[in-house]
Every structure is written in structure tokens, then in C-alpha cells.
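**Q** The structure that follows is given in the form of C-alpha cells.
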């Protein structure tokens, strides 16, 4: 195992090392708590909001026409998958490993002949019965890291465990799908993060921060009253105060799309359902209000905190499961019989699972494989994906071994839910994860006009011979136009519209002869019935 994965402090018995891991894990969130780090964030309904901004002309047609929404729910702290979903064919091993912690057989909620569910998720049983819930068993990754800090980064970046990647999979998605990202005339943000979460998720490869958090729930009053996120009142009358006022004015000025979100929040009807007065339920309540208010955001990220159950797990996990079950039952009910019902997909994830054997807490220490729960009418039937790991054939640390790479789940969401082409998904996720998992949805019902790249069409940029080349392949005869766009919106025609035969073409940018300034540019290839974009950098 590489040095990057050699980590102590993952068990209750590690004492000070365990505390140190939590301190390091929390340090980042403290740094972000000032809300002045860049990007776009504010508070709605008393909860911090992070958002990414895009320009109006950059919205791909697939996202303009599709109403699909993806909600990623992080179970922060490392959810005990074995205390969430129990394998019915391994009950003897289950009870031997967890004499105090495990559920009795008559307490479990049987879902089918293979798995049972925590009795505290009873509100989810109707979703399962109505074909609106699936369970991914044994989710994880090779060489599991057991540090909260590092494993959160792995799930956020979609990297290998021995590779440091400083961008998030959502951030790279935004950069890839909106390569012409600029900060002017923005519209509905493509991704919103509510609550603390991981700052890496919305970090791109080339854009340092797509979003940031503000942590003060009191800021909602300031936002509603003045439209400013950071108050300009009560600033000290000194040099520091002048600097603070200047920074806050600049920060307030970056909220260019704040009216769009505020309008959606105001237009969305108030829920009549009873959500608990806790961060996660209220976050989901806000999301339902924004969706019903007309916001076109495609990805939401929220979190339910408290899953690091080294001790007092019986009480703590029961509480968390009740919160999760009640909230998701309410959330899915919000959209019953509406046009949104078929277009909403929610899925849970956690940085790791827990050890098979209980500790003296009684609780469980950091583990490896866990479960992911998916919710939505689009699943078209309940069921499981993957096989439950063995409770006896464990690794050297006593952890269950994964059998579904979590990045394969991401890839399936990209290609079958958000309707990205396979090569684009592979690029965002840094490698090819093969065929999609059988969630039950696909992109066949999404119109193919101006949307998912045509089969056989491919494009890229190459560098060499002192120039940059835009390369593309068309599978059949079609009209083609190629242009270059500066980030200020200036258009430079590279290849005027003309009919071309099926084949592969390479168009030089001719930076010197066109006297193009160094910097980032977007190339746009328009063909009959489609439009494709990519990014280049001129030196």
C-alpha cells in the first residue's frame, strides 16, 4: 500500500491519533467558514448554499431540453452499511460479529429474499414496494483509505486512492460540459451545494473554485432584506474595517445569478409536509421548493452528518436512519403526480463503511465497502446492484471487500441519467469504467436532436508544429462549421459552413497569422442537428 494510504487514527482505540484525524478533517471547513474564498454562495432558508455560475449561451442543448435532476446525498462520517442493509444469507456471521449491536431477525425489514433493511428506515419501505428504490451493495474502491480527510477527497475527486487529484468530479463535469464558462450574465447554476460538504466537489481543473459555503444561518435575513450576502453594517471604523468592507462589497458583487435562485425560492410553493427541524431535512425541503419554483439546476449536493459511530452507535444510527427515511419519504412525496416525478433521482454516498465486528463502544470503527441507496420513479423497479460482500472473507483489517467501484456508479449517472457521451464521462472520471450499471433508466426518452453526441462523432484538440489543431470525425455527410470563441465572447471563424463528406478533418487555429492573444479559448463545431464544444489554451 502506498504511503498516501498509510493512516492511523481510524479506530476509537487509536486515541489522540483518531482525534487528530478529526481535527484535520474539520480544519478545512473552518477555513471555508468565512465565506470570502471566491465562487458563489449564500444562505436560503437558514442553510448555506454553494453554487456554480454559467453564461447563458454556454448551456448545452441536452441540458436545456432535459428536466432531469441528480441529488447526491452524503452520509458524512462513514455510514455503517451493515447496519443499514443486512444480508439475509449471512445472518449467523452477522450476529457473531455484532452480539450487542446487531438487529434481531424479527426487527429487520425484509426487502427480498437476499437483503433486509434497518427497522428505522421503515418510511422507505413504500418506496421499495412501489419500485422507487434500489440498493448498490459493496460500493467502494481499491486500496480503501480509512481517513475521513483523504477518503472524502477520493470520493469527491473520483481519483485512485494512491493519486492526488485537486479537482472534483462535479467541477470537472461543469468545465467539460460548459467549456465556455465565464463570469457574465449567468443563468441557473448547474450545481448547488447546500451545507458544508466537500469543497473539492465543485473545484475544477482550471477554475479554482466553482462554489463556496457561508455557514451563518442568520444571513438569510440580510439576504432577504438587502440582497447582500455579507452585511455592510457594524463594520469597525479602522483600517481593518475599511479592508473588510471592500472585500465584502466585492464578494456581494459576485452573486450575479442570485436573483434567479431567489425568484425560484419565492415562486416555489411551501411544503405541507412535516420535515424535521434539522439541517438535512431542511436542505431537502429547500431543494423541493427550488425545483418546484422553476430552477433548472441539474446537480444538488447535500449532507447528513453524524455517521462516525465509534461509540453509542445504537442510539446515534437509529436517529440518523429515522431522519434519512422520514426525509426521503417526504421528498419523494413532494413530486407525486407532477411532471417532476420521473425526472428526479437521489442517491446516497459515504466516504467509507464500517468494520464488520463491533468495538467496545459499542460501535464500529472505520471500514471499507458500504451501500448506496438510490431513490426515484425513474428506477422502474426495486432491486439490488452488485452482491453483498462476505462478512467472513474480509481484508487484513477486518473490513468487507468492495465489488462495485463507486466511480462506476458515477459513470452510469453520467451516461444513463445526464446523457453524456461515453468518452466525455471517461474524461471527467479519469478512466473508462465499462458498461453502465442496471439502474433501470437510460437516455432513450431524451430527444436526440441537438443533444447527446451522434454515434461515431468525435472531436479533440491537438498541439504540435507550433500551432493548435481542432480535429473532428463525422460519420456521414453533413454541413459543418468550426469557430473559435474567446472567453469575452468574440467569435473567430476557423472553417466556414460547408457540406463535408464523412471522414476525419483537422483545422489549424493559426494563432500567429490571426494574431490571437495567449489564453483560454473555446472551439465550437456545429453540424446539422448538433453542436459540440471543447477548450484549448494558446501560449
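Residue numbers (our numbering): 9 to 547.
In this text, a Cβ means the ideal position worked out from N, Cα and C, and glycines have one as well.
Fair warning: this is a prediction, and the values are worked out from it, not measured in the lab.
1. Measuring only the C-alpha atoms, how far is residue 449 from residue 112?
2. Relative to the C-alpha of residue 169, which residue among 150, 179, 88 is closest?
3. Determine the DSSP secondary structure at residue 419, reduced to helix, strand or coil.
4. Would you check if the stretch 88-98 and the stretch 120-129 touch, i.e. whether three or more CB-CB distances between them fall below 8 Å?
5. What is the DSSP secondary structure of residue 84, reduced to helix, strand or coil?
6. Cα-Cα, which of 410, 320, 349 is closest to residue 367?
7. By the 10 Å Cβ neighbour count, where 16 or more other Cβ atoms means buried, how is residue 184 classified, buried or exposed?
8. For residue 348, which residues from the same chain have a beta carbon less than 8 Å from its beta carbon, with the 5 sequence-adjacent residues on both sides left out?
9. Three-state secondary structure (DSSP) at residue 102?
10. DSSP three-state label for residue 363, please.
11. For a minimum of 3 consecutive residues, which ranges assigned as the beta strand (DSSP E) are wholly contained in the stretch 492-531?
12. Hey, is residue 287 close to the ligand GDP, as in C-beta under 6 Å from one of its heavy atoms?
13. Return the bridge partner residues of residue 321 from the DSSP annotation.
14. Leaving out five residues before and five after residue 102 in sequence, what residues of the same chain have Cβ atoms less than 8 Å from its Cβ?
15. Only counting the same chain, and skipping five residues up and downstream in sequence, which positions put a Cβ closer than 6 Å to that of residue 401?
16. If you pair each beta-carbon of the stretch 155-173 with each one of the stretch 124-144, do three or more pairs fall below 8 Å?
17. Can you tell me whether residue 474 is helix, strand or coil according to DSSP?
18. What residues match up with residue 412 in a beta bridge as DSSP calls it?
19. Using CA atoms only, rank isn't needed, just tell me which of 330, 81, 273 is closest to residue 309.
20. Between residue 425 and residue 353, is the Cβ-Cβ spacing less than 7 Å?
21. Look at residue 160 and residue 350 and say whether their C-beta atoms are less than 7 Å apart.
22. Take residue 139 and list the residues in its own chain whose beta-carbon comes closer than 7 Å to its own, dropping the five residues that flank it on each side.
23. DSSP three-state label for residue 95, please.
24. Residue 246: buried (16+ other C-beta within 10 angstroms of its C-beta) or exposed?
25. Report yes if the CB atom of residue 407 is closer than 7 Å to the CB atom of residue 375, and no otherwise.
**A** Taking the structure as given:
1. Cα to Cα, the separation comes out at about 35 Å.
2. Nearest option by C-alpha distance: 150.
3. Here residue 419 sits in helix by DSSP.
4. By the Cβ test, the stretch 120-129 is in contact with the stretch 88-98, since at least three Cβ pairs between them sit closer than 8 Å.
5. Of the three classes helix, strand and coil, the one that applies to residue 84 here is strand, per DSSP.
6. Selected option, being the one with the closest Cα: 320.
7. With 16 or more other Cβ atoms from the protein chains shown falling within 10 Å of its own Cβ, residue 184 counts as buried.
8. For residue 348, where only same-chain residues beyond five positions count, the Cβ hits under 8 Å are 75, 77, 299, 300.
9. Three-state DSSP puts residue 102 in a helix.
10. It is coil, neither helix nor strand.
11. Unbroken beta strand (DSSP E) runs of no fewer than 3 residues, entirely contained in the stretch 492-531, are found at 499-508, 511-516, following chain order.
12. Ligands are entirely absent from the displayed structure, and the ligand GDP is therefore not among its contents.
13. Beta-bridge pairing links residue 321 to no other residue.
14. Within the same chain, Cβ atoms closer than 8 Å to the Cβ of residue 102 are found at 90, 94, 95, 110, 399, the five residues on either side in sequence being excluded.
15. Counting only Cβ-Cβ distances below 6 Å, and skipping sequence neighbours, we find nothing.
16. Result no; under three Cβ-Cβ pairs closer than 8 Å.
17. Note: residue 474 maps to coil in three-state DSSP.
18. Answer by DSSP bridge pairing, in chain order: 147.
19. It is 81.
20. Going by C-beta atoms, residue 425 is nearer than 7 Å to residue 353.
21. Not in contact: residue 160 and residue 350 (Cβ atoms no closer than 7 Å).
22. Here the set comprises 387, 388, 389, 390.
23. Strand, per DSSP.
24. Exposed, because fewer than 16 other Cβ atoms sit within 10 Å of the Cβ of residue 246.
25. Cβ distance < 7 Å, so residue 407 and residue 375 count as in contact.
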